[in-house]
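Contents: one structure, followed by commentary.
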Amino acid sequence: METWDTIRARRDVRSYDVRAIAPHYLDRILEAGWRSPSASNRQKWDFILVTEPGQLQELSTVGVGAGHLATAKAAIVLVLSEPEAERYRTMDQYDLGQATMAMMLAAADLGIGSGHSAVEDQETCRRILGTPADHICAYMIAFGYPADRPLVPIAKPDRRPFDEVVHRDHW
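Each residue of the sequence shown is one higher than the one before, starting from 2 at the first, in the working numbering.
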């Protein structure tokens with residue numbers, strides 16, 4: 002897909018069909034996150050790829066909006082270490098947002114749907130993944146081929162009107 006078409010086609014997908022995702026596609030998605038911008042090139046993130054159905058089922062319980070992980074074919078959990086100073090917390094979170102969007106766009110480019118969620122139950126997530134106690138499982142992204150319809154550019158997205166959102170030179 003062209004970049005603009007990929008941006009217009011990407012949507013949250015939370016229902017997946019039975020097709021597996023090829024390992025080289027998962028690596029491409031992970032590389033998109035690895036290549037994403039990072040404030041001061043800190044790169045304080047770690048990405049945990051999960052493809053084992055039992056683990057995906059368990060991860061579906063660690064956040065209110067995480068149920069879709071149970072039927073996903075893969076998930077990436079974005080992990081951060083505790084920052085060395087409070088001023089880095091926002092920077093590192095912003096970096097995770099950029100990595101998330103890069104991975105979601107890379108997936109959409111391959112026709113793979115994605116849906117993100119936060120992690121609320123840190124203790125359970127750490128237990129499932131074996132992450133260190135001084136790290137937080139910040140977000141999860143589920144991946145799979147959409148069960149309902151393929152990803153194609155959306156002509157009329159369900160968004161606030163463009164002219165209400167965009168302000169030029171002043172409010």
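Using N, Cα and C, we set each Cβ at its ideal position, and we do this for glycine too.
Just so we're clear, the structure is a prediction, and the values are computed from it rather than from any experiment.
* Would you mind working out which of Ala10, Phe48, Gly55 sits nearest Ala100, comparing C-alpha positions? => Of the listed residues, the one whose Cα sits closest to Ala100 is Phe48.
* Asked: Using the C-alpha atoms, what's the distance from Arg128 back to Ile8?
  -> 35 angstroms
* Asked: Which residues in the same chain as Ser118 place their Cβ atom closer than 6 angstroms to its Cβ, once the five residues preceding and following it in sequence are excluded?
  -> Gly64, Gly66, Ala67, Met141
* **Assigned exposure category for Trp46 - 16 Cβ within 10 Å defines buried** => buried
* **Meets three-Cβ-pair contact criterion under 8 angstroms: the region 155 to 164 and the region 31 to 44** => The region 155 to 164, when compared against the region 31 to 44, does not touch it at the 8 angstroms Cβ threshold.
* Range of the contiguous beta strand (DSSP E) that encloses Tyr140 -> From DSSP, the beta strand (DSSP E) with Tyr140 extends over 136 to 145.
* Asked: Given 8 angstroms as the limit, is there contact between the region 105 to 118 and the region 14 to 25, that is, 3 or more CB pairs closer than that?
  -> yes
* Hey, is Asp170's beta-carbon within less than 8 angstroms of any beta-carbon in chain D? -> Any reference to chain D falls outside this structure, which holds one protein chain only.
* Residue range of the unbroken beta strand (DSSP E) whose run includes Asp47 -> 46 to 51
* Label Gly34 either buried or exposed according to how many other C-beta atoms from any shown protein chain fall within 10 Å of its C-beta, with 16 as the threshold for buried. => buried
* Asp13 in three-state terms, based on DSSP -> strand
* Starting from Ala76, follow the beta strand (DSSP E) in both directions and report where the run begins and ends. => 75 to 82
* Start and end residues, alpha helix (DSSP H) containing Ala103 -> 88 to 110
* To do: For Ser41, name the three-state secondary structure that DSSP assigns.
  => helix
* **Status (buried if at least 16 other CB within 10 Å, exposed otherwise) for Phe144** => buried
* To do: Using alpha carbons as the reference points, say which of Val80, Glu53, Leu31, Ala103 lies closest to Thr4.
  => Thr4 has its Cα closest to that of Ala103, out of Val80, Glu53, Leu31, Ala103.
* Asked: For Tyr146 versus Arg20, is the C-beta distance shorter than 8 angstroms?
  -> yes
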